[in-house]
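This report concerns only the one structure given below.
Numbering (this note's numbering), first residue to last: 791 to 959.
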């Protein structure tokens, strides 16, 4: 009896570890598999971060509300989308509670007061070095903008694609 218990616990512990890793993987990729696809307008710049790798940092232009108080946002911030052009969206208002019938993403509360809200999960677009440098060079032109394809599922967002286009005047 004791011998069978000794064999079962390591087996259960091993299976549980793989189950947890699998669940974490599934939760991370759920927005990609089940999310709503949205194209969002952004500006990009190169932060020149040697330790983080090759990426383009994206600025979605999300500003802190005028009455921004850190205590009001302890559970997170909901940043809602609004259609700017046909089938292109921008992030519009920042709310402390999830609104009904609006497409939003939930952001962890900022650590300190800023004039902008960082969209941590979708602010970096990782790419191979050459592609990242090419995108950076295109986005340094003020007449260009990034069109970021996001998948949003249960207030979580993931970047699917990034294209650079010139601004039509």
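Even glycine gets a Cβ: it sits at the ideal position worked out from N, Cα and C.
Assigned exposure category for residue i - 16 Cβ within 10 Å defines buried
i           : result
residue 949 : buried
residue 800 : exposed
residue 804 : exposed
residue 824 : exposed
residue 890 : exposed
residue 926 : buried
residue 811 : exposed
residue 868 : buried
residue 791 : Interpretation of residue 791 is limited by its pLDDT of 48, a score under 50 that renders its predicted location unreliable; the figure taken from the coordinates is listed afterwards. It counts as exposed.
residue 826 : exposed
residue 940 : buried
residue 952 : buried
residue 913 : buried
Cβ neighbours of residue i in the same chain (closer than 6 Å, five flanking residues each side left out)
i           : result
residue 873 : 879
residue 834 : 846, 848, 929, 936
residue 870 : 882, 883, 892, 894
Simplified DSSP state of residue i, which is helix, strand or coil
i           : result
residue 942 : strand
residue 834 : strand
residue 931 : coil
residue 952 : strand
residue 791 : In this prediction, residue 791 scores a pLDDT of 48, lower than 50, which makes its location untrustworthy; the coordinate-derived value is nonetheless stated afterwards. Looking at residue 791 - three-state DSSP - the assignment turns out to be coil, as it is neither helix nor strand.
residue 850 : coil
residue 811 : helix
residue 958 : coil
Residues near residue i by beta carbon distance below 7 Å, same chain, minus five either side
i           : result
residue 850 : 830, 832, 881, 909
Sequence-distant residues of its chain with Cβ nearer than 8 Å to residue i (five each side left out)
i           : result
residue 944 : 820, 821
residue 958 : none
residue 888 : 868, 894, 896, 945
Uninterrupted beta strand (DSSP E) stretches inside the stretch 864-904 (no shorter than 3 residues): Taking only runs of at least 3 residues, the beta strand (DSSP E) segments lying wholly in the stretch 864-904 are 867-875, 878-885, 894-897.
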